[in-house]
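For reference, the structure is listed below as structure tokens.
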Amino acid sequence: MNAVIQITSADARQYVCGDDGWFAIGSLDEVFGERACRGIDIEGVKIGLFRVDDEIHALDDICTHGAALLSDGEFEGHEIECPLHAGLVDVRTGRALSAPISRDTRYHETKIEGDVLFVRMQA
Ligand code: FES
494 MNAVIQITSA DARQYVCGDD GWFAIGSLDE VFGERACRGI DIEGVKIGLF RVDDEIHALD
554 DICTHGAALL SDGEFEGHEI ECPLHAGLVD VRTGRALSAP ISRDTRYHET KIEGDVLFVR
614 MQA
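Position one of the sequence shown corresponds to residue 494 (our numbering), numbered consecutively onward.
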């Protein structure tokens, strides 16, 4: 398990950029290092970040089948395998790909400005 980056309301005031709701998470090196996925916490909401080529995708980090952290699973290509029962999720969309996961995972917007990764959570 990776150390979790926690973003709080105080951080948000400091880091939110011009557009509503964008949270600055950190530089790509700070967030990922050599990893391809990472779990973070934005105001108590667990978010999984997944790197696919040059794109960063953000999903709720809680499997819709149970209580497992998706970012603790096996990540290959664009699929994350839940560490608890091995269901698959497409990190590019949050779409459930295989049983026992049947509900899609909420997807969040990301953007990179300079080298800084931003996430905007969906309602
Ligand atoms: Fe994720 Fe069951 S908790 S597949």
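From the three backbone atoms N, C-alpha and C, an ideal C-beta is built for every residue, glycine too.
>> Quick check on I605: buried or exposed, where buried means 16 or more other Cβ atoms within 10 Å of its Cβ?
In response: Residue 605 sits at position 112 when you count from the first residue of the sequence shown. Result: exposed.
> Rounded to a whole number of angstroms, what is the C-alpha to C-alpha distance between L521 and P593?
Replying inline: Here residue 521 corresponds to residue number 28 of the sequence shown, with the count starting at 1. Here residue 593 corresponds to residue number 100 of the sequence shown, with the count starting at 1. In a straight line, the C-alpha of L521 is about 32 Å away from that of P593.
>> Taking the beta strand (DSSP E) that D583 belongs to, which residues open and close that run?
In response: As a first step, residue 583 is located in the sequence shown; it is residue number 90 there, counting from the start. Where D583 is concerned, the enclosing beta strand (DSSP E) stretches over 581-583.
>> Let me check you understand the geometry: is the CB of G514 closer than 7 Å to at least one non-hydrogen atom of the ligand FES?
In response: In the sequence shown, residue 514 corresponds to position 21, counting from 1. Using a cutoff of 7 Å, the CB of G514 does not count as near the ligand FES, since none of the ligand's heavy atoms is closer than that.
> Over what stretch of residues does the beta strand (DSSP E) that includes D522 continue unbroken?
Replying inline: Position 29 of the sequence shown, counted from the start, is the residue given in the question as residue 522. It is not in any beta strand (DSSP E) - D522 instead sits in the alpha helix (DSSP H) that spans 521-525.
> Excluding five sequence neighbours on each side, which residues of the same chain lie with their C-beta closer than 6 Å to the C-beta of T598?
Replying inline: Counting from 1 along the sequence shown, the entry for residue 598 is found at position 105. Counting only residues of its own chain and dropping the five nearest sequence neighbours on each side, T598 has a CB closer than 6 Å to the CB of L552, D553, T557, V582, G587.
>> For a quick check, are the C-beta atoms of G514 and C530 less than 8 Å apart?
In response: For the purposes of this step, residue 514 is taken as the residue at position 21 of the sequence shown. For the purposes of this step, residue 530 is taken as the residue at position 37 of the sequence shown. C530 is positioned such that its CB atom lies no closer than 8 Å to that of G514.
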